[in-house]
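Notes for the one structure printed next.
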Amino acid sequence: MMTNRNGVLAALTQEQRERLMELAREVVFPAGTRIFEEGRTADRFWLIKSGSVTVDVHVPGRRSPTVETLGTGDLLGWSWLIPPRRWNFGAEALSPVRAYQFEAAEVLALLEQDPVLGRAMSTAVAGVVAHRLTAARTRLLDLYAPYGSGAAAS
């Protein structure tokens, strides 16, 4: 079981975690594996068991910058929950990764059957979304904003 106290699983009760984990299957990604691409269909997600994954964003005419690095206990992929269910970022295995993989259709059916679990999962994922968008904004400002244009400039 995952140990990250700040992870999505931590937001669920023991019974809810068990119901969700019944849908999990373990997968392995070798270092350098492109896990998903921004703009493509988001039909699954992962809870990282071990290893590191970089989350990046497409910037036309430039190499995709990393906006965050995820590790043990982190949720990889949230776009499966929000229509139109297209990846908002890309992801690549930075090191060998072991993860629990979930098929979105199965999890969405479970969340529909159990509205309390659905609300808990949606709230937990919303927290991840807010964090990732803030991280992406901060990283992109660091990389591309003109010097002196930040909040500290007068």
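With the numbering used here, the residue at position 59 of the sequence shown is 62, and numbering never jumps.
From the three backbone atoms N, C-alpha and C, an ideal C-beta is built for every residue, glycine too.
Please identify the residue among the options whose C-alpha is closest to the C-alpha of residue i.
{"i": "H61", "options": "T36, L113, G42", "result": "G42"}
{"i": "R89", "options": "A45, G80, L114", "result": "A45"}
{"i": "P86", "options": "A108, R22, G74", "result": "A108"}
{"i": "V31", "options": "D77, I51, E40", "result": "I51"}
{"i": "M24", "options": "T69, L113, E40", "result": "L113"}
{"i": "A129", "options": "G64, Q19, L78, R37", "result": "L78"}
{"i": "T75", "options": "L12, R142, P149, F39", "result": "L12"}
{"i": "F92", "options": "P149, E21, E40", "result": "E40"}
Going by DSSP, name the residue or residues bridged to residue i.
{"i": "L73", "result": "V56"}
On the DSSP letters alone, give me the boundaries of the alpha helix (DSSP H) that residue i sits inside.
{"i": "A112", "result": "107 to 116"}
{"i": "R37", "result": "No alpha helix (DSSP H) contains R37, which is instead part of the beta strand (DSSP E) from 37 to 39."}
{"i": "R22", "result": "17 to 24"}
For residue i versus residue j, is the C-beta spacing smaller than 8 Å?
{"i": "Q104", "j": "A34", "result": "no"}
{"i": "V132", "j": "W81", "result": "yes"}
{"i": "V56", "j": "V70", "result": "no"}
{"i": "A14", "j": "A138", "result": "no"}
{"i": "E106", "j": "R37", "result": "no"}
Can you tell me whether residue i is buried or exposed, with buried defined as 16 or more other CB within 10 angstroms of its CB?
{"i": "S53", "result": "exposed"}
{"i": "A102", "result": "buried"}
{"i": "R145", "result": "A small fix is needed here, since residue 145 is Asp in this sequence, not Arg. That one is exposed."}
{"i": "L136", "result": "exposed"}
State the start and end residues of the unbroken beta strand (DSSP E) segment that holds residue i.
{"i": "V30", "result": "28 to 32"}
{"i": "G93", "result": "93 to 96"}
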